[in-house]
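S.K.: Could you have a look at this structure, given as structure tokens, before my questions?
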Amino acid sequence: MTPPIRGTGTAVILLLLAALAGCAPFSLVTPERRTVGGAISVEPGMRWNRMEMAPYQGRVEVWTLDGPLLNSLVFFTGVPDGEPLFVSRALASDPKQEKPPVFRSAMNPLEIEELFTATIARNFRTAIVSATNLRPAEVAGTPGFRFETRFVGRDEVERAGVFVGTVRGGKLYGAWFQGARLHYYERYVPEVEKMAASARLVGEAASAR
Amino acid sequence: MTFSRRRFGCALCAMGWLALAGETSAQNLQGAEPGRYLAPGYQPAEGDEKGLWALMDRHERELKGSRFVVRDPAANAYLREVLCRLAERYCADVRVYVVRTPLFNASMAPNGMMEVWTGLLLRCRDEAQLATIIGHELGHYLRRHTLERWRDVRAKADFGIFLGMGLALAGAGWAGSLAQFALLASAFAFSRDQEREADEIGLNLMADAGYAPAATAEVWEQLLAEYQGSSAARDQSFLFATHPLPEERLDTLRKSAVARGGDGERGRARYRERLAALRPTLVADEIGLRQYGRSLIVFEKLLADAPDDGGLWFAKGEVLRLRGDAGDVELALAAYAQAVATGGAPPETWRSIGLVELKAGARDRAEKAFDAYLEAKPGAADREMLKALLSQ
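As given, the protein sequences belong to chains W and C, one line each in that order.
Under the working numbering, the first sequence is numbered contiguously, ending at residue 209.
Under the working numbering, the second sequence is numbered contiguously, ending at residue 392.
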């Protein structure tokens, strides 16, 4: 297990070590309003860590509280037509991989939910993945949808999560928070919900329909 | 292969099959010279073999608790039955674990732990094909191939360095201890000669047990046909990069089966019946891979054997709907219609028809289909979402 790095001496040591090595893997996110990926404005209620080198490629930004193996918040900052939600770095360079499933502007929430589970199955190399309770919801002040997620990775850890999303101007905006079902997910649900309620689309995303 | 992990004794992954070839001489277990095969009830007394078994025992304890092991009692009992029919005297020495990974693979550890992946169970068309695979794996066990390999690797390389490298690689990302083990185990991929021998033993075991020898070549033919439908860079794929084209080897395998001769049992109906409870999971996991071309080949083969299987028609429709190339919508609707016509379509068939119709702008037909879905599945969690879709 990765040691928790949130608000502890360990985090400071890790960041110091990384700074010495010339590449900080995390940067601190302070609890104040900020814009993610030029598209989503949110106000976190606690201190998060932003991963400078996200483990996934795509229109994403990844935050974590206790380290990415324990929990992570993935922002989707405008996935355009024809692109996957994300591709893990490990898979991206492997020519033996089948082409990843991609987002289409015309997708409805049911299809996005299907795309999401297929994306998890591929990137976390697991068949034990499900999405439930898909329903309409207001997301970042616009009509969107949300659903709950569950998966078990190759490390045998069961992870719970929640996905919120909305399609504006043919692009997908949203966020997925997931964490180890024991403790590391539930503990932060109130924080995540509060942040979701604070979310607003900005820039191109705000004016698109 | 999509996210394939090279496993310990990756005997039936495609590479293993490519190595299969050669003459078939009669090697019935009873007729062999003494000491050629492991004795029933064998336990290593000392030395490196004992250490190797201890390592595998540890892995097996971990595997037993894995969430990926399929607990379906019917499927487990069935595989055990086939195993015992093939090698009754070794029945108590070998444990079969069904592992939920939708890829074609099986493996054999020296201590008698056999893994069969769910992707393999989906692809086998009858019990004779399954017996081919279990027989092949038994061949590795009976001839102690892993021990041979272990000694060979140790003699050739500084194993400590190799192991360290493997574990460092495995430390990246999501690799758990099982995955680390897989990397370590890839050091023991069986040699071509061992694969050839296991194949020979497998063929003899299954034919002696009364199965149709022709099934041995078929398993490989099917896998090869499936690879033709892959979107992955074929010339980069390990299957074609490291081995010569397999036609000649397939030919040898066919000849071996003919030489062994005779008809035999297929057990097609029994195979379908005994794995029936597991099949929806096998099908759903295959769809989830989003390897459209390959999945279509797999489902079409299965449909050729079972044209009255509504679940398989639905699966074919799903692959087409999800691929969404030009013309796929019509083909998907045709497959869903076939599913409905069998009288055994899963409720989700109507939901998918509704999704396709809605996309095509046929709101009335979509609404009718969603109603049929909700009637067939009153507790459906997506009821509200479907209503919202219709009202947009």
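Where is the CB? At the ideal position from N, CA and C, for every residue including glycine.
Fair warning: this is a prediction, and the values are worked out from it, not measured in the lab.
1) With 7 angstroms set as the bound, which would you pick, yes or no: does the beta-carbon of W:L182 sit closer than that to a beta-carbon of chain C?
2) Do C:G210 and C:E273 come within 7 angstroms of each other at the CB atom, strictly closer than that value?
3) Quick one: which residues of the segment 339-364 of chain C get their C-beta closer than 9 angstroms to a C-beta of chain W? List them in chain order.
4) From W:V189 to W:L70, what does the alpha carbon distance come to, in whole angstroms?
5) Under DSSP, the beta strand (DSSP E) around W:E158 begins and ends at which residues?
6) Of the choices C:W350, C:G261, C:A106, whose alpha-carbon is the least far from that of C:K377?
7) If we ignore side chains and look at the alpha-carbon of each, how far apart do C:I297 and C:L121 end up?
8) Am I right that W:F147 and W:F163 are in contact with their C-beta atoms under 8 angstroms? What's the rounded C-beta distance?
9) Name the chain C residues whose beta carbon is nearer than 8 angstroms to that of W:K171?
10) For the segment 163-181 of chain W and the segment 66-86 of chain W, state whether three or more C-beta atom pairs, one from each stretch, are separated by less than 8 angstroms.
11) Among residues of its own chain, excluding the 5 on either side of C:A332, which ones have a beta-carbon nearer than 7 angstroms to its beta-carbon?
12) DSSP state of W:G203, grouped into three classes?
13) So, is C:V258 buried or exposed, given that buried needs 16 or more other C-beta atoms within 10 angstroms?
14) Buried or exposed: which applies to C:T118, given that a residue is buried once 16 or more other Cβ atoms fall within 10 Å of its Cβ?
15) Could you tell me which residues DSSP puts in a beta bridge with W:W176?
16) Any beta carbon from chain C within less than 7 angstroms of W:K99's own beta carbon?
17) For a quick check, are the C-beta atoms of C:Y271 and C:D126 less than 7 angstroms apart?
18) Contact check, W:M195 vs W:G45 under 8 angstroms by CB: the rounded distance?
19) So which residues on chain C does W:F177 lean against when the C-beta distance must stay under 8 angstroms?
20) Any beta-carbon of chain W closer than 7 angstroms to the one on C:D72?
21) Taking 6 angstroms as the limit between beta carbons, can you name the residues of its chain near C:V70, skipping five residues before and five after?
22) Since C:G288 meets chain W, which of its residues come closer than 8 angstroms, beta carbon to beta carbon?
23) Once DSSP output is grouped into helix, strand and coil, what is the label at C:P280?
24) Compute every distance between the C-beta of W:V164 and the non-hydrogen atoms of the ligand COA, then say whether any falls below 6 angstroms.
25) Is it the case that the segment 125-143 of chain C contacts the segment 59-76 of chain C, given that we only count it when at least three CB pairs across the two stretches are under 8 angstroms?
26) For C:L278, which residues of its own chain have a beta-carbon under 6 angstroms away from its beta-carbon, when the five flanking residues on both sides are left out?
27) I need the straight-line Cα distance from C:W313 to C:A335, nearest angstrom please.
28) What do you get for W:N49, buried or exposed, if any count of 16 or more other CB atoms within 10 angstroms of its CB means buried?
29) May I ask which residues mark the beginning and end of the beta strand (DSSP E) holding C:M108?
30) For C:G202 and C:E330, I'd like the C-alpha separation in whole angstroms.
31) Using beta carbons (cut-off 7 angstroms, strictly below), is W:L70 in contact with chain C?
32) To the nearest angstrom, report how far apart C:G229 and C:G293 are at their CA atoms.
33) Within 10 Å of its beta-carbon, does C:T132 have 16 or more other beta-carbons around it, so buried, or fewer, so exposed?
34) Check whether the Cβ atoms of C:K112 and C:A198 lie closer than 7 angstroms to each other.
35) Taking the DSSP output, what are the residues bridged to W:P143?
36) Kindly identify the DSSP beta-bridge partner or partners of W:N49.
M.R.: The answer reads as follows:
1) Answer no: the Cβ-Cβ gap between W:L182 and chain C never drops below 7 angstroms.
2) No, these two residues do not count as a Cβ contact at 7 angstroms.
3) Going along the segment 339-364 of chain C in chain order, one finds R351, L355, L358, K359 with a Cβ nearer than 9 angstroms to chain W.
4) Cα to Cα, the separation comes out at about 14 angstroms.
5) Boundaries of the beta strand (DSSP E) harbouring W:E158: 158-168, taken from the DSSP string.
6) The candidate whose alpha carbon is nearest that of C:K377 is C:W350.
7) C:I297 and C:L121 have their C-alpha atoms spaced approximately 15 angstroms apart.
8) Contact holds; Cβ gap of about 6 angstroms.
9) One finds nothing in chain C with a Cβ atom closer than 8 angstroms to the Cβ of W:K171; even the nearest lies about 18 angstroms away.
10) Judged by Cβ distances under 8 angstroms, the segment 163-181 of chain W makes contact with the segment 66-86 of chain W, as three or more pairs qualify.
11) Leaving aside the five residues that flank C:A332 on each side, the residues in its chain whose CB is nearer than 7 angstroms to its CB run, in chain order, G317, L320, R321, V356.
12) The answer is coil: DSSP assigns W:G203 none of H, G, I, E or B.
13) Exposed is the call here.
14) Classification for C:T118: buried.
15) Its beta-bridge partners are W:V74, W:F163.
16) Residue-level contact by beta carbon holds for W:K99 and chain C, with a gap shorter than 7 angstroms.
17) Yes; because the gap between Cβ atoms is below 7 angstroms, this pair is in contact.
18) Between the beta-carbon of W:M195 and that of W:G45 there is about 7 angstroms, and that keeps the pair under the 8 angstroms contact cut.
19) Per Cβ cutoff of 8 angstroms: no residues; W:F177 is ~18 angstroms from chain C at best.
20) Chain W, which has no Cβ nearer than 7 angstroms to the Cβ of C:D72, makes this no.
21) These residues qualify, in order along the chain: V98, R100.
22) The CB of C:G288 comes closer than 8 angstroms to the CB of T117, A118, A121, A127, V129 in chain W, given here in chain order.
23) It is helical.
24) You won't find the ligand COA in this model; it holds no ligand whatsoever.
25) With a cut-off of 8 angstroms, the segment 125-143 of chain C and the segment 59-76 of chain C do not count as touching, because too few Cβ pairs lie within range.
26) Taken in chain order, the residues that qualify are D72, A75.
27) A direct Cα-to-Cα measurement between C:W313 and C:A335 gives close to 5 angstroms.
28) Buried.
29) Boundaries of the beta strand (DSSP E) around C:M108: 106-108.
30) Between C:G202 and C:E330, the C-alpha separation is close to 44 angstroms.
31) Among the CB atoms of chain C, none fall inside 7 angstroms of the CB of W:L70.
32) Inter-residue distance for C:G229 and C:G293 is about 5 angstroms (C-alpha atoms, whole angstroms).
33) That one is buried.
34) Inspection of the sequence shows that residue 112 of chain C is occupied by Gly rather than by Lys. The Cβ atoms of C:G112 and C:A198 lie no closer than 7 angstroms to each other.
35) According to DSSP, which records beta bridges pairwise, W:P143 is partnered with W:E138.
36) Under DSSP, W:N49 takes part in a beta bridge, and its partners are W:L28, W:T64.
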